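Remarks on the structure that follows.
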């Protein structure tokens, strides 16, 4: 189908959809079957922890959605298929979801290879692939059925660079980054912004996800003599690097990307992460109502456990899905078009989220400047450490 | 330069960490001639038992160590008794596969019990640090070093001066002779597994304290580094394992110093390949050590291959060919497409492993070479997709054979370890060679499969295309095996000394096998690249190499139909168990163990 054909088809079907949505809403209100979302993500394998965190966020959001009356009176449920974040499995899952008429939208997968390998199938099958951890710059270029609430690193990294360079006054930086598509893209955006703000990048070091020993890397960092360390890391490796940096005697200020924001970062890092600065998209003391609601709900449901970033992403994703379904009904194409129509959806990460139709991503992530004080995340009071 | 002192100290410290795993591996290899891929899982179990002891029961350090050692030893005894002892008289590869299955089961049990979230395992030693050079050393570093060195020393004394130690060494040298002299070989094995597991468990706990972090993904990395360290030192040699570990740590540390962090593991695996090429038995192999035995060859299971009549094969192929004409779901077709792609890889591996006896654990590298070649040809040079895939096959055949050729003079387990290393090296080169491979960002927007200008987009057409390619490759391979060349291949597998005496040039025949095999694997990778439209260095990982090996063993070594049957079964099984979600890898591991136990020659038997 050529582009022109597709566009006119969309236009032509818009009117029909309005009528159709009303009809389907009536029809489905009677149906007792829940509206079903497909989730493709890791439940086993090396990324299993993230799948487990997704579930917590989803389940919390679902409880709230149900309590508020579901999707126009219908129940909402998800079917979680374990892909291990392996592209061979995510493509099979994609076919499964595409050919299962009950599935109205898909969420995931976790990593870029697994997500983007499945994209062509979702695109051809006309099923929305809603990637909420997919910050790979090319993810939403897979087609008009790919949408994402993952914060583009082009948005987030300049905020971190501004925090480090302008606010904390760090002029010579060492950047340590996870050597994945995410870490690499983030690093490039960070370095570009930091240079614009007048900082010098003394050294950049990429490490692979399985790495546990950073001592020799840190000697390289020490020899470059920076006045700040920037960690583009997840919480587990971020905590490791901070610990080992303190152990080998590095005393420089550490700044980290929002992905370290997790109670686990404090638990794993211990005293070593004291005074670490980080930008984050939400934190428990944030007075915004959507954050308060999320934190209290999460703690109540999971025995006092503090939520972290991945919990928030999945919680937001499920709420976004619900908002889209309320407009789009259960027709797959109508759901795709509804993404362009949802406005100001209450969101932990964005405050209120609206999609940019061009990039099919949400713009304007909230950013709070935090610092670890006495083993807790706290708003930075502007005092140097 | 002062920094060199720091790099040296750091290398020795992390070398110590590797030594804790490597010593256990060496001990088991010394007695059972088995690379125990479950050692990393015992290390994982030890770390979590340590967590329960420290965080829940608040045990003091000494008691923690004892609790972990005893509990891990019990796990080791159970593995030996129920996982490995029943396999004593089966193919050599069977226990190796069983340890892989056991590691799946153990890892999953830990994950289900403790959740996959990482946990903090606080060190029970005071947090003081001594200044050395410009860096510092803490008490835990010293404890790890002393545990590593002390256990190596104790083992040395045990092996040299105790009666059970003599029995262990006698069993290691010649199992049958030891049995005839009245050594209770089973008791020896038990003792060795118990000791190795206790060591493994304690090391997991110590390393967990060292990093203040344990998670369920730590087991594979531990095994990988442990195996490298052990083989560098000389498989089965306990002091060698310690020296090999320290050397590995140093090489990694100096590698980071000179080239940067992203090259770290590259140097670890290069070290392994270099050592294997220069000293095939490791650095500290004694001259008296018996040469390693081939993994397959004379140890091939005494089985009669199941002959499937030609008409039945025709019916099966015909049945699969007309399947898309029926109203089957695309999910079934996609699962079978995965099976056909894995089938091509399995054909490749069964040719080199089953027919020439070169057990490869790095076969995913051939997929990656084929995939990147095909993707780059069609993207950067606008080569038609069909030709690009053939180009991928040719590149895998040429480059793959060239890379693997250093392993041709190796035998037995060393071939698998060398190929494992080469697989890792290829993946790391892809990660680092950014100007060509685009590094971690990967290659996106690869055009879809097409043939003579027609896009193959519908699942049915992709299905037919991959089925047809696989059938053609299988027919070619069947033809090859029935020829004189095929007989020469099997002669090399069964007895390479006799083969050489008969005038067969081993390297040339091994190369031929890898060229044919590399082509099939490269084509599979090329098709996958165009099917996925996005690939990066993680797309074709060690997991796939292990899966391919499992398929080949399951089907029956060297058995063409078996490889395809195995692919359908092993792609299908996890899909069948998909409803079991978190439990499915556990079930897969158990099924693998049962198959190895009750049908070690494979479903269709070895040709």
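Residue numbers (my numbering), protein chains in the order written: chain P, 1 to 385; chain V, 1001 to 1607.
All residues carry an ideal CB built from backbone N, CA and C; glycine is no exception.
Every value quoted in this text rests on a predicted model; they were computed, and no experiment measured them.
If we count the other Cβ atoms within 10 Å of its Cβ and call it buried at 16 or more, is residue 1363(V) buried or exposed?
buried
Checklist entry - When the cut-off is 9 Å and only beta carbons count, does residue 1514(V) lie next to chain P? => result no
Unbroken beta strand (DSSP E) runs of length 3 or more, entirely within the region 315 to 359 of chain P: which are they?
345 to 347 and 351 to 353
Tell me, which residues are paired with residue 1454(V) by DSSP? 1451(V)
Query - Against chain P: residues of the region 1252 to 1264 of chain V by CB proximity under 9 Å - result: 1252, 1253, 1254, 1255, 1256, 1257, 1260, 1261, 1262 and 1264
Under 6 Å Cβ to Cβ from residue 1548(V), same chain only, skipping five residues before and after it: list those, please.
1345, 1346, 1349 and 1363
Selection of the region 214 to 225 of chain P by Cβ proximity to chain V, strictly under 9 Å = 214, 215, 216, 217, 218, 219, 220, 222 and 223
Please report the residue range of the alpha helix (DSSP H) in which residue 280(P) lies.
No alpha helix (DSSP H) holds residue 280(P); the beta strand (DSSP E) holding it covers 277 to 280.
Taking residue 1074(V) as part of the alpha helix (DSSP H), name the residues at either end of that continuous run. 1061 to 1078
Exposure label - residue 1212(V); buried when at least 16 CB within 10 Å: buried
message = Looking only at its chain, what residues have a beta carbon closer than 6 Å to the beta carbon of residue 345(P), apart from the 5 residues adjacent to it on each side?
response = 320, 323 and 353
is_contact[residue 301(P), chain V] using C-beta, thresh 9 Å = no
Original post:
Looking at the structure shown, is residue 1144(V) part of a helix, part of a strand, or coil, going by DSSP?
Top reply: helix
- Residues of the region 1152 to 1182 of chain V with Cβ closer than 9 Å to any Cβ of chain P, in chain order: none
| query | What residues from chain P crowd round residue 1533(V), counting only those whose CB sits closer than 9 Å? | reply | 116, 117, 119, 120 and 142
- Return yes when the Cβ of residue 1595(V) is within less than 9 Å of the Cβ of residue 1565(V), no when it is not. no
Query raised in the report: Is there a Cβ from chain P that is less than 9 Å from the Cβ of residue 1609(V)?
Result: Any question about residue 1609(V) goes unanswered here, given that chain V covers just 1001 to 1607.
Using the three-state DSSP reduction, which class does residue 265(P) fall into: helix, strand or coil? helix
Identified DSSP bridge partners for residue 1088(V) | Paired residue(s): none; residue 1088(V) is not in a bridge.
Contact set for residue 1575(V): own chain, Cβ-Cβ below 6 Å, skip 5 residues either direction: 1335
Should residue 1275(V) and residue 1360(V) be called a contact, given that it needs their Cβ atoms to be closer than 9 Å? no
Query - Cβ-Cβ distance between residue 1540(V) and residue 125(P) below 9 Å - result: no
Fill in: Nearest candidate by alpha-carbon position, reference residue 225(P), set 214(P), 238(P), 249(P) and 233(P)
249(P)
Check your understanding: Roughly how many angstroms separate the alpha carbons of residue 1206(V) and residue 1283(V), rounded to a whole number?
Key -> 27 Å
On the DSSP bridge assignment, give the partners of residue 215(P) in chain order. According to DSSP, residue 215(P) bridges with nothing at all.
Apart from the five residues on each side of it in sequence, which residues of its chain come closer than 8 Å, Cβ to Cβ, to residue 1604(V)?
-> 1305, 1306, 1308, 1555, 1556, 1559, 1561, 1562 and 1565
Worksheet item: If we cut at 9 Å on Cβ distances, does residue 374(P) have a partner in chain V?
Response: no
| said: Using only CA atoms, which one of 1240(V), 1234(V) and 1115(V) lies nearest to residue 1148(V)? | reply: 1240(V)
Check your understanding: If you measure from the beta carbon of residue 252(P) to each beta carbon in chain V, is any gap under 9 Å?
Key -> no
Check your understanding: Since residue 179(P) meets chain V, which of its residues come closer than 7 Å, beta carbon to beta carbon?
Key -> 1262, 1431 and 1440
Measuring only the C-alpha atoms, how far is residue 227(P) from residue 378(P)? 23 Å
Q: Go through the region 1209 to 1242 of chain V residue by residue and report every complete run of the alpha helix (DSSP H) that reaches 4 residues or more, in order.
A: 1218 to 1233
Beta carbon of residue 165(P) nearer than 9 Å to that of residue 207(P): no
Practice item. Using alpha carbons as the reference points, say which of 1403(V), 1378(V), 1170(V) and 1136(V) lies closest to residue 1391(V). Key: 1378(V)
Below 6 Å CB to CB, which residues in the same chain sit around residue 183(P) once its five sequence neighbours on both sides are set aside? 177 and 232
Exercise for the section: Per DSSP, which residues does residue 40(P) bridge with? Please list them. Expected result: 81(P) and 108(P)
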